[in-house]
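First comes the structure, then the notes that go with it.
Protein chains: 6
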Amino acid sequence: MKIKVINPNTTLEMTESIKHAAEHMARKDTEIIAVSPKMGPISIESYYDEYLSIPGVLEEIKAGEEEGVDAFVIACWGDPGLHAARELTDKPVVGIAEASLYLASMLGARFSVVTVLPRIKTMLEELVDSYGMSKKVVNIRTTPLCVIDFENDPVRGMEMLRAETKRAIEEDDAEAILLGCAGMAEFADSLEEEFGVPVIDGVVAAVKFAESIVDLGKKTSKLKTYKYPERKEYTGLLTEFAHK
Amino acid sequence: MKIKVINPNTTLEMTESIKHAAEHMARKDTEIIAVSPKMGPISIESYYDEYLSIPGVLEEIKAGEEEGVDAFVIACWGDPGLHAARELTDKPVVGIAEASLYLASMLGARFSVVTVLPRIKTMLEELVDSYGMSKKVVNIRTTPLCVIDFENDPVRGMEMLRAETKRAIEEDDAEAILLGCAGMAEFADSLEEEFGVPVIDGVVAAVKFAESIVDLGKKTSKLKTYKYPERKEYTGLLTEFAHK
Amino acid sequence: MKIKVINPNTTLEMTESIKHAAEHMARKDTEIIAVSPKMGPISIESYYDEYLSIPGVLEEIKAGEEEGVDAFVIACWGDPGLHAARELTDKPVVGIAEASLYLASMLGARFSVVTVLPRIKTMLEELVDSYGMSKKVVNIRTTPLCVIDFENDPVRGMEMLRAETKRAIEEDDAEAILLGCAGMAEFADSLEEEFGVPVIDGVVAAVKFAESIVDLGKKTSKLKTYKYPERKEYTGLLTEFAHK
Amino acid sequence: MKIKVINPNTTLEMTESIKHAAEHMARKDTEIIAVSPKMGPISIESYYDEYLSIPGVLEEIKAGEEEGVDAFVIACWGDPGLHAARELTDKPVVGIAEASLYLASMLGARFSVVTVLPRIKTMLEELVDSYGMSKKVVNIRTTPLCVIDFENDPVRGMEMLRAETKRAIEEDDAEAILLGCAGMAEFADSLEEEFGVPVIDGVVAAVKFAESIVDLGKKTSKLKTYKYPERKEYTGLLTEFAHK
Amino acid sequence: MKIKVINPNTTLEMTESIKHAAEHMARKDTEIIAVSPKMGPISIESYYDEYLSIPGVLEEIKAGEEEGVDAFVIACWGDPGLHAARELTDKPVVGIAEASLYLASMLGARFSVVTVLPRIKTMLEELVDSYGMSKKVVNIRTTPLCVIDFENDPVRGMEMLRAETKRAIEEDDAEAILLGCAGMAEFADSLEEEFGVPVIDGVVAAVKFAESIVDLGKKTSKLKTYKYPERKEYTGLLTEFAHK
Amino acid sequence: MKIKVINPNTTLEMTESIKHAAEHMARKDTEIIAVSPKMGPISIESYYDEYLSIPGVLEEIKAGEEEGVDAFVIACWGDPGLHAARELTDKPVVGIAEASLYLASMLGARFSVVTVLPRIKTMLEELVDSYGMSKKVVNIRTTPLCVIDFENDPVRGMEMLRAETKRAIEEDDAEAILLGCAGMAEFADSLEEEFGVPVIDGVVAAVKFAESIVDLGKKTSKLKTYKYPERKEYTGLLTEFAHK
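The listed protein sequences derive, respectively, from chains Z, D, A, E, F and L. The numbering used here puts the first residue of the first sequence at 70, with every later residue one more than the last. The numbering used here puts the first residue of the second sequence at 70, with every later residue one more than the last. The numbering used here puts the first residue of the third sequence at 70, with every later residue one more than the last. The numbering used here puts the first residue of the fourth sequence at 70, with every later residue one more than the last. The numbering used here puts the first residue of the fifth sequence at 70, with every later residue one more than the last. The numbering used here puts the first residue of the sixth sequence at 70, with every later residue one more than the last.
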C-alpha cells in the first residue's frame with residue numbers, strides 16, 4: 070500500500086528524516102511517500118504558522134487522491150488541517166498527535182508531552198482536549214528550543230528532552246512520554262532506553278495506524294461532518310483551491 | 070475609533086450587508102471599515118472553506134496594522150483564524166461567535182444556535198466548547214440552506230429560521246437564539262419581535278465589544294500564546310506571508 | 070443612558086472609588102449612578118456576607134426600575150444576587166466577575182485571578198466554573214488581606230498584588246490578571262504598566278459591556294429562568310420584599 | 070440528639086408536614102425541631118425567593134447554636150444558604166438536595182428529579198452540577214404546579230408527579246426518582262409502591278444523614294472555606310446580622 | 070438490624086479491626102457481621118488484587134441474602150465489586166470510598182485522600198471521578214507503605230499519615246482528609262485531634278449510611294442497571310457462581 | 070508474531086467466530102491464538118458476569134507470557150480486566166472497546182454504539198467516559214437481545230442491528246457505528262454496505278492495533294500504575310492466583 074506522509078512545513082531536511090523514520094517502521098509492502106507542501110512556513114511554531122501550513126497540506130491531499138494513495142499521515146504535532154483533509158478524501162487521514170495519544174493510552178495510564186517553545190502550550194492543551202485526552206495528559210512540557218534547533222543542534226536538543234523527560238517522570242507522574250514535534254523522531258529510542266518508559270514518536274505511530282486502517286478496509290465517513298467540501302468558487306491567490 | 074470588520078468570505082454583497090449592520094449599531098465616532106479578503110472561498114461551509122479563508126483574513130489583519138485600525142472583528146460564525154489574528158496584532162480582535170456567546174450568557178440562562186448546513190454542527194460544537202459554553206448552549210440547530218441561500222432567497226431563509234427558532238424555544242428550552250452565520254443579521258429584529266426572546270446577531274455584538282475594549286485601552290496579551298509569530302521564511306504561493 | 074452601579078457592600082468610600090473608576094471609563098453620555106445598599110455588610114468576605122448583601126442589592130434593582138435606569142452593574146467579584154436581579158428587571162444586569170472573565174478571554178489564552186482572603190477561593194472557583202471558564206482560569210490567588218485593608222493601606226495592598234501578579238505570570242503561566250475585588254480598581258493601571266500584561270478591573274469592564282448591551286437594545290430574556298419572580302407574600306423583616 | 074430542620078419558607082402548614090415526615094423517620098432518641106424562619110417568602114420558586122429565604126435560615130442557624138442543637142437540615146430542594154450555614158456553626162448542616170443525590174447514587178445508577186415550575190430547571194441543573202452529579206442525573210422534570218399547589222390540591226399534585234415519574238422511567242432511563250421539593254414528602258411512598266423504583270424525599274434522607282454524622286462525632290471543617298464569618302458591622306434592616 | 074461488613078481481603082486481623090471500628094460506631098440495635106471472603110488476596114494493592122478479591126466478595130453477598138442481612142458494606146477503598154453486589158441483592162450495598170466522599174463533601178469544601186502505594190493513584194482518581202467528586206478531591210496522596218505495613222508497623226504508618234496529612238493541608242488546601250484504606254481506621258481520631266480537620270475513616274461512614282438507608286426502608290433499584298444478573302451457566306473453577 | 074485473542078466468556082462457538090474474524094484480518098505472518106478462559110460465565114451481560122470473567126482472562130494472560138505471545142487482545146466490549154492484564158505482562162494488551170473508539174474517532178466526528186441488553190448501558194457509558202470519548206459517542210443503543218441470541222438467531226440479530234443503526238444515523242447524527250459486542254463481527258460488513266458508514270467490529274480493530282504496537286516495539290509502561298502486581302499470598306479457590 071501507499072501511505073503519503075505530509076510534513077506540513079517546507080523544510081526538506083525534516084521531511085527526509087520523517088521519511089526515514091516512517092520507512093524504518095513501515096511494513097515491507099508499504100510505500101512511503103514523504104512530501105513537504107509547495108507553499109508555507111519552514112516550521113510551525115504559532116497559530117499563524119499552523120493555519121498557513123494548511124493550504125499546502127490540503128493541496129498534497131488532493132494530489133494524493135490522484136496518485137492512488139491509500140492513506141495519509143499529517144506529520145506535525147498540531148495535526149494541522151486534519152478535519153479538512155478528511156473532507157477532501159475518503160482515504161484514512163491520521164494526525165500524529167492523535168495517533169500518539171491513542172497509542173500512549175494503550176501503554177500507560179498517564180503521560181506528558183514534551184515539545185518546543187512555551188507559546189504553543191495552550192494550542193496543544195486545546196488539541197489534547199479535543200481528542201478527549203485531558204485527564205490522561207498530565208502535563209505539556211515545553212523547551213526554549215524552536216523546531217529547527219532540534220535539527221541544527223541535536224546535542225542540545227537531546228539534553229533538553231532528557232531534562233524534561235526526567236521532570237515529567239518525577240514531577241508529573243508521567244508513565245509515558247510523547248514527543249510533541251515530528252522532528253524529534255530520532256531521539257525517541259535513546260530516551261526510551263535511558264528512562265525505561267515508552268517514548269512515543271507520533272510519525273511512526275500514525276504510519277502504523279494508517280496501515281491498520283487500510284488493512285481493515287475502512288474509509289472516512291462521508292455522512293455529515295466529513296462530506297466532500299461544498300462546490301464553490303475561490304478567488305485571488307487561492308483560486309485553484311475551488312472545489313468542483 | 071476605526072474598527073475593521075473582516076468578512077472572511079469573498080462575497081461582497083455579504084460584506085456590504087455586514088457593513089450596513091455594523092454601521093447601524095456603531096457609535097457615531099466609530100468608523101467601520103468592512104472588507105472581504107482578496108483571496109479565498111465565496112462562502113464558508115466546511116472545515117476546508119474555513120481553513121482556506123484564513124490566509125485572506127490574516128492578510129487583512131496585517132494591512133489593518135498599517136491602516137491605523139484600533140480593533141478588528143472577524144465576521145464569520147466559526148471565528149476563523151482568530152487566534153492567529155491575535156498573534157499578528159496587539160489591537161483587540163473579536164470573533165462574532167465568541168461575542169454572541171458572551172452576550173447571550175448575560176441575557177439568558179440557556180440558548181440555542183440556529184445556523185446553515187448540518188455538516189457544520191460538529192465544528193460549531195467544538196467551537197462552543199472551546200469557549201467554555203457547552204452547558205449553556207442547549208442545541209445547535211441546522212437548516213438545509215447554505216450561506217448564499219440566505220442572501221438569494223431571504224423569504225425562504227426567514228421561514229427556516231422561524232421554524233428552528235420555534236423548535237429551539239419549545240423543544241430545547243432555549244431562552245435566547247444565536248444566529249450562527251454573519252449573513253443572518255437582517256433577520257434578527259423580526260425574529261426577536263415575533264418570539265419575544267433575545268435573538269443575537271454576532272456582528273453587532275462583536276462591534277460593540279470591540280468598541281468597549283478600545284475604550285478600556287486594553288490590548289491583546291503578548292506574553293506567551295499570542296506573541297507575534299516567530300520570524301521565518303515562507304515559500305511558494307505564500308512567500309509573502311513570511312513574518313519578519 | 071443611565072447605568073446604576075451597585076456596590077453590594079455598605080462602605081461608602083468604596084462606592085465612591087467605584088463611581089470614580091466607572092465615570093472615568095464611561096462614555097460622556099452615560100450617567101453613572103453608584104450606590105451602596107441601605108442594608109447589609111460593610112464588606113463581603115464569606116458566603117455569609119455574600120448572601121446577606123443580596124437583599125440590599127435587590128432593593129436597589131427594584132428602585133432602579135423606577136429611576137429609569139437603562140442597565141445595572143453589580144460591583145462585587147462574587148456577582149451576588151445576579152440571577153435574582155435578572156428576574157426583577159428586563160434591563161441588562163452585568164456582574165463584574167462575569168464581565169472580567171469574558172473580557173479576559175478576548176485578550177489572553179489563560180489567566181489568573183488575584184483576590185482577598187484565602188477563604189473565598191472555593192467560592193470563586195465555583196463562580197468561575199458556573200461561567201464555563203474553569204479551563205481558562207489557571208489559578209485563583211489569594212492574599213492575607215481583607216477587602217477593607219486595600220482601602221486603608223493601599224501601599225501594602227499594592228505590594229501584595231504585585232507579589233501575586235508576579236507569581237501568576239511566572240508560576241501559573243497566566244497571560245492576564247483579573248483583580249478579584251471591586252476595591253482594587255485603582256491598582257490596575259500600575260500593575261498593567263509594570264508587568265506588561267492586561268490587568269482587568271471588573272467594574273469598568275462591566276460598565277462598558279452594559280453600555281454595549283443598551284446600545285444593542287437587548288433585554289434579559291423573560292422566557293423561563295429569568296421571568297419576573299412569582300407574586301407572593303413575604304413575612305417579618307422582609308415583608309416589603311413581597312413581589313406583587 | 071436534637072436536629073433542627075429549617076423549612077426555608079414561611080408556610081407553617083408545610084413546616085408541619087416536614088416535621089411529621091422527619092419525626093416519622095427519625096430515631097426515637099432524636100428530637101426534631103422544625104421551624105420556619107421569622108422572615109421571608111411563603112414559598113421558593115425563583116432565585117429571588119431563594120436568596121431572600123436565606124437571612125431567615127441563617128437566623129435560625131444562629132439560634133440553633135444557642136438551643137444546643139446537634140445538627141441542622143435545610144429543607145428546601147435548592148439548599149438555600151447551605152454554605153453560609155456551615156460558616157456559622159461547626160455542627161453538621163445537611164441540605165435536602167445533596168442528601169437526596171448522595172442517597173440516590175447509592176441506590177441506582179441514573180436518576181431524574183421531578184419538581185415544581187419550569188423556571189427553576191436551570192437553578193437545579195447548576196445545583197446538581199455543584200455536587201458533581203450531572204452525569205447521574207439524567208433529567209430534571211418540572212410540572213406546571215407551584216409549591217403551594219401541592220399543599221392545596223394534593224390530588225392534582227399526585228397526578229402530575231405520577232405522569233412525570235412515568236416519563237422519567239420510560240424516556241430518561243431513570244432508575245430512581247428524586248422529589249425536588251420539601252413539600253412532596255407525602256407522595257413518596259405511593260409513588261415508590263406504584264412504580265417499583267426508589268422515590269426519594271430529601272427531608273428524611275437529610276435527617277438520617279444528620280443523625281449519622283452526629284453519631285460519628287464529625288463537625289464541619291473550620292479550616293478555610295467554612296471558617297466562622299469575618300467579624301464586621303452590618304447596617305440598616307440587617308444590622309442584627311453583624312457577626313461579632 | 071444486621072449489617073454485613075465485607076473486608077475484601079483475606080487478612081483476618083484486618084477484618085477484626087474493621088469489625089471493632091464498625092461496632093464501636095454502630096447503634097446498639099445494629100449487629101455487625103464482619104467477614105473476609107473465603108478466597109482471594111491477603112491485601113489489595115493493584116488492579117490485579119482488586120479484581121481477584123471480587124469473587125469472594127460476591128460469594129459473601131450471596132450468603133448474606135440467606136443470612137437475613139439488612140445491608141452490606143464493602144470495606145476496601147476501591148469499592149471492589151460494588152456494582153455487581155448491587156445486582157445480587159436488593160438490600161443496600163455501600164462502598165467505603167463512596168461513603169467517605171459523600172460524608173466529606175458535607176463537612177468540607179475540598180479534601181485530599183491519603184493512601185498506600187503510589188501505584189494505586191490512577192485507580193483511585195478514576196474511582197473518585199466515577200462518583201463525580203473530581204473537583205472536590207484536590208489530591209490523592211500516596212505513601213511508600215503497603216496495606217499490611219499499616220497493620221505491622223503502626224508507628225511508622227502513623228508517621229507517614231501525619232506527614233501526608235500535613236502536606237495535604239498546607240499544599241493542597243485540603244479541608245478534610247480521607248483515609249484511603251480500610252486498615253487505617255485506628256489512626257483517624259489522633260489525626261483529627263492533631264490537625265483539627267475532619268479525618269474520615271470510610272468503614273464507620275459506610276456503616277452509618279447503611280443504617281440510615283435501612284431505616285429509610287430503601288432498596289437498590291432493580292429497574293435496569295442493577296437488575297439481578299442474567300441466569301446462566303458458569304464453568305470451571307467458578308461453576309458455583311452460576312446465577313440461577 | 071503471535072497475538073493471543075482472549076474471548077472472556079466460555080462459549081467456544083463465539084471464540085471460534087472471533088478467531089475467524091481475527092484471522093481474516095490479521096497479516097499473514099501473524100498467528101492468532103484464540104481462547105476462552107477455563108472458568109467463568111458463558112456470556113457477559115452484567116457487572117456480575119464481567120467481574121467473574123476476569124479471573125479466567127488473567128489466567129490466560131499469565132499463560133500467554135509462557136507461550137511466547139507478543140500481544141494480547143481482550144475480546145469483549147467491556148474490556149474486562151484490561152488494567153490488571155497490563156499489570157501482568159509488559160506485552161501490549163488491547164481491549165476491543167478502546168480499539169473501536171480510537172479507530173472510530175479517526176473515521177468520523179460523532180458515533181453511536183449498538184449493543185445487547187439495556188442493563189449494560191450505564192456500564193458502557195462509564196467505560197466510554199474512562200477513555201475520554203463521552204463527547205464523541207452520541208448514544209449507546211441497546212437491543213432486547215442477549216449475547217447468545219446473536220449467535221443463535223443471527224437473522225433476528227441482524228434485523229435489530231439494522232433498526233438501531235438506522236436510528237443512530239437518523240436520530241443521533243452518528244457518522245459511524247460501533248458494534249458493542251464481540252459476537253457481532255459477522256454483521257459489520259453487511260451493515261457497512263447497507264448504510265454507507267463505517268461499522269466497526271472491535272475484534273479486528275484491536276488485532277490490527279496490537280500488530281502495530283508490536284511492530285513499533287512498544288511495551289506497557291512498568292513505571293507505576295501497570296507495575297507487576299505486588300507479590301503476595303492468595304487463599305481458597307484462588308490460591309493459584311498468588312503472584313510470586
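Glycine is no exception: its CB is placed at the ideal position from the N, C-alpha and C atoms.
Checklist entry - Going along the segment 172-192 of chain D in order, which residues come within less than 9 angstroms of chain E, judged by CB to CB distance? => result Listed in sequence order: 178 and 179.
Item to check | Proximity test, Cβ basis, 7 angstroms: residue 273(A) and chain B | outcome: The chain inventory of the structure shown lacks chain B, comprising the protein chains Z, D, A, E, F and L.
Checklist entry - Between the segment 70-81 of chain Z and chain D, which residues of the former have a C-beta closer than 8 angstroms to a C-beta of the latter? => result 79
Next on the checklist: For chain F, check one thing: does any of its Cβ atoms lie closer than 7 angstroms to the Cβ of residue 219(L)?
Outcome noted: Walking along the sixth sequence from the start, residue 219(L) turns up at place 150. It does not: the Cβ of residue 219(L) has no partner Cβ on chain F nearer than 7 angstroms.
Checklist entry - residue 131(A) touches chain E at which residues, Cβ-Cβ below 8 angstroms? => result Residue numbering aside, residue 131(A) sits at position 62 when the third sequence is read from its first letter. Near residue 131(A) there are no residues of chain E at all, since even the closest Cβ is about 10 angstroms away, more than 8 angstroms.
Item to check | Contact under 7 angstroms by Cβ, residue 127(Z) with residue 109(Z) | outcome: Here the question's residue 127(Z) lines up with position 58 in the first sequence. Here the question's residue 109(Z) lines up with position 40 in the first sequence. No, the Cβ-Cβ distance between residue 127(Z) and residue 109(Z) is not below 7 angstroms.
Next on the checklist: By the three-class DSSP mapping on this structure, what secondary structure does residue 148(L) have?
Outcome noted: The sequence position of residue 148(L) within the sixth sequence is 79, counting from 1. Three-state result, residue 148(L): coil.
Next on the checklist: Please report the straight-line C-alpha distance between residue 240(E) and residue 234(E), rounded to a whole angstrom.
Outcome noted: Taking the first residue of the fourth sequence as 1, we reach residue 240(E) at position 171. Taking the first residue of the fourth sequence as 1, we reach residue 234(E) at position 165. If you take the alpha carbons of residue 240(E) and residue 234(E), they lie about 10 angstroms apart.
Checklist entry - Of all Cβ atoms in chain A, is any one closer than 7 angstroms to the Cβ of residue 245(D)? => result One-based indexing of the second sequence puts residue 245(D) at position 176. Yes, residue 245(D) lies at the interface with chain A (some Cβ there is under 7 angstroms from its Cβ).
Next on the checklist: Let's test the definition: count the other Cβ atoms within 10 Å of the Cβ of residue 286(D) and tell me whether it reaches 16, buried, or not, exposed.
Outcome noted: Taking the first residue of the second sequence as 1, we reach residue 286(D) at position 217. When all chains shown are included, residue 286(D) counts as exposed.
Checklist entry - With residue 73(F) and residue 133(F) assumed to form a contact (beta carbons below 8 angstroms), what rounded beta-carbon distance in angstroms separates them? => result Within the fifth sequence, numbered from 1, the residue matching residue 73(F) stands at position 4. Within the fifth sequence, numbered from 1, the residue matching residue 133(F) stands at position 64. With 8 angstroms as the limit, residue 73(F) and residue 133(F) qualify as a contact, their Cβ atoms being about 5 angstroms apart.
Checklist entry - Hey, would you say the C-beta of residue 263(E) is under 6 angstroms away from at least one heavy atom of the ligand COA? => result The ligand COA is not among the ligands present in this structure, which contains no ligands whatsoever.
Checklist entry - CB residue 116(D) to CB residue 312(Z), shorter than 7 angstroms? => result Mapped onto the second sequence, residue 116(D) falls at position 47. Mapped onto the first sequence, residue 312(Z) falls at position 243. Not a contact, by the Cβ cut-off of 7 angstroms.
Item to check | Inter-residue spacing [alpha-carbon to alpha-carbon] between residue 309(Z) and residue 146(Z) | outcome: Taking the first sequence and counting its residues from 1, one reaches residue 309(Z) at position 240. Taking the first sequence and counting its residues from 1, one reaches residue 146(Z) at position 77. Computed Cα separation, rounded: 27 angstroms.
Checklist entry - residue 88(Z) CB to nearest chain L CB: under 7 angstroms? => result Against the first sequence, residue 88(Z) aligns to sequence position 19. Not closer than 7 angstroms to any Cβ of chain L, the Cβ of residue 88(Z) fails to qualify, so no.
Checklist entry - Roughly how many whole angstroms lie between the Cα atoms of residue 253(F) and residue 219(F)? => result Residue 253(F) sits at position 184 when you count from the first residue of the fifth sequence. Residue 219(F) sits at position 150 when you count from the first residue of the fifth sequence. One C-alpha to the other measures close to 7 angstroms.
Next on the checklist: Counting only Cβ pairs nearer than 8 angstroms, list the residues of chain F close to residue 111(L).
Outcome noted: Residue mapping note: residue 111(L) aligns to position 42 of the sixth sequence, counting from 1. Neighbours of residue 111(L) on chain F, chain order: 301, 302, 303 and 304.
Checklist entry - Smallest Cα separation from residue 268(Z): which of 169(Z), 282(Z) and 190(Z)? => result Taking the first residue of the first sequence as 1, we reach residue 268(Z) at position 199. Checking every option, the nearest Cα to that of residue 268(Z) belongs to 169(Z).
Checklist entry - List, in order along the chain, the chain L residues whose C-beta lies closer than 8 angstroms to that of residue 215(F)? => result Taking the first residue of the fifth sequence as position 1, residue 215(F) is located at position 146. Under the 8 angstroms cutoff, chain L gives 299.
Item to check | Extent of the continuous beta strand (DSSP E) run through residue 314(Z) | outcome: Because chain Z is modelled from 70 through 313, residue 314(Z) falls outside the range shown and cannot be assessed.
Checklist entry - Of all the CB atoms in chain A, is at least one closer than 7 angstroms to the CB of residue 147(D)? => result Locating residue 147(D) in the second sequence gives position 78, where the first residue counts as 1. Not an interface residue.
Next on the checklist: Please return the same chain residues whose Cβ sits closer than 7 angstroms to the Cβ of residue 300(F), not counting the five positions on each side in sequence.
Outcome noted: Taking the first residue of the fifth sequence as 1, we reach residue 300(F) at position 231. Once the five neighbours on either side are set aside, the close Cβ partners of residue 300(F) are 312 and 313.
Next on the checklist: Please return the same chain residues whose Cβ sits closer than 7 angstroms to the Cβ of residue 190(E), not counting the five positions on each side in sequence.
Outcome noted: Reading the fourth sequence from its first residue, position 121 is the one you call residue 190(E). Excluding positions up to five away in sequence, the list reads 209 and 211.
Checklist entry - According to DSSP, what are the bridge partners of residue 305(E)? => result By one-based count along the fourth sequence, residue 305(E) stands at place 236. DSSP lists no partner for residue 305(E).
Checklist entry - So residue 193(D) packs on residue 231(D), CB below 8 angstroms; how close in whole Å? => result Indexing the second sequence from 1 puts residue 193(D) at position 124. Indexing the second sequence from 1 puts residue 231(D) at position 162. Wrong, their Cβ atoms sit about 20 angstroms apart, outside the cutoff.
Checklist entry - Name the DSSP beta bridge partners of residue 208(E), please? => result Position 139 of the fourth sequence holds residue 208(E). Answer is 181(E), bridged to residue 208(E).
Item to check | Inter-stretch contact at 8 angstroms, needing at least 3 Cβ pairs: the segment 156-165 of chain A / the segment 273-285 of chain A | outcome: yes
Checklist entry - By Cβ distance, which residues of its chain are closer than 8 angstroms to residue 154(E), with the 5 residues on each side in sequence left out? => result Taking the fourth sequence and counting its residues from 1, one reaches residue 154(E) at position 85. So the list reads 126, 127, 130, 141, 143 and 162, once near-sequence residues are dropped.
Item to check | Endpoints, beta strand (DSSP E) assigned at residue 73(L) | outcome: Translated into the one-based positions of the sixth sequence, residue 73(L) becomes position 4. Here the beta strand (DSSP E) through residue 73(L) covers 71-75.
Checklist entry - Is residue 113(E) helix, strand or coil when you go by DSSP? => result In the fourth sequence, the residue the question calls residue 113(E) occupies position 44. The answer is coil: DSSP assigns residue 113(E) none of H, G, I, E or B.
Next on the checklist: What does the alpha-carbon distance come out to for the pair residue 201(A) and residue 102(L)?
Outcome noted: Counting from one through the third sequence, the residue named residue 201(A) turns up at place 132. Counting from one through the sixth sequence, the residue named residue 102(L) turns up at place 33. Between residue 201(A) and residue 102(L), the C-alpha separation is close to 49 angstroms.
Item to check | CA-to-CA distance, residue 94(D) to residue 149(Z), given in whole angstroms | outcome: Taking the first residue of the first sequence as position 1, residue 149(Z) is located at position 80. Taking the first residue of the second sequence as position 1, residue 94(D) is located at position 25. If I take the Cα positions, the gap works out to 37 angstroms.
Checklist entry - For residue 244(D) versus residue 292(A), is the C-beta spacing smaller than 7 angstroms? => result Here residue 244(D) refers to the residue found at position 175 of the second sequence. Here residue 292(A) refers to the residue found at position 223 of the third sequence. Between residue 244(D) and residue 292(A), the gap from beta carbon to beta carbon is short of 7 angstroms.
Checklist entry - Checking contacts by CB at 7 angstroms: is residue 229(F) closer than that to chain L? => result In the fifth sequence, counting from the first residue as 1, residue 229(F) sits at position 160. No, because no Cβ of chain L sits closer than 7 angstroms to the Cβ of residue 229(F).
Checklist entry - Could you check where the beta strand (DSSP E) with residue 164(F) kicks off and where it finishes? => result Taking the first residue of the fifth sequence as position 1, residue 164(F) is located at position 95. Run containing residue 164(F): 162-164, per the beta strand (DSSP E) assignment.
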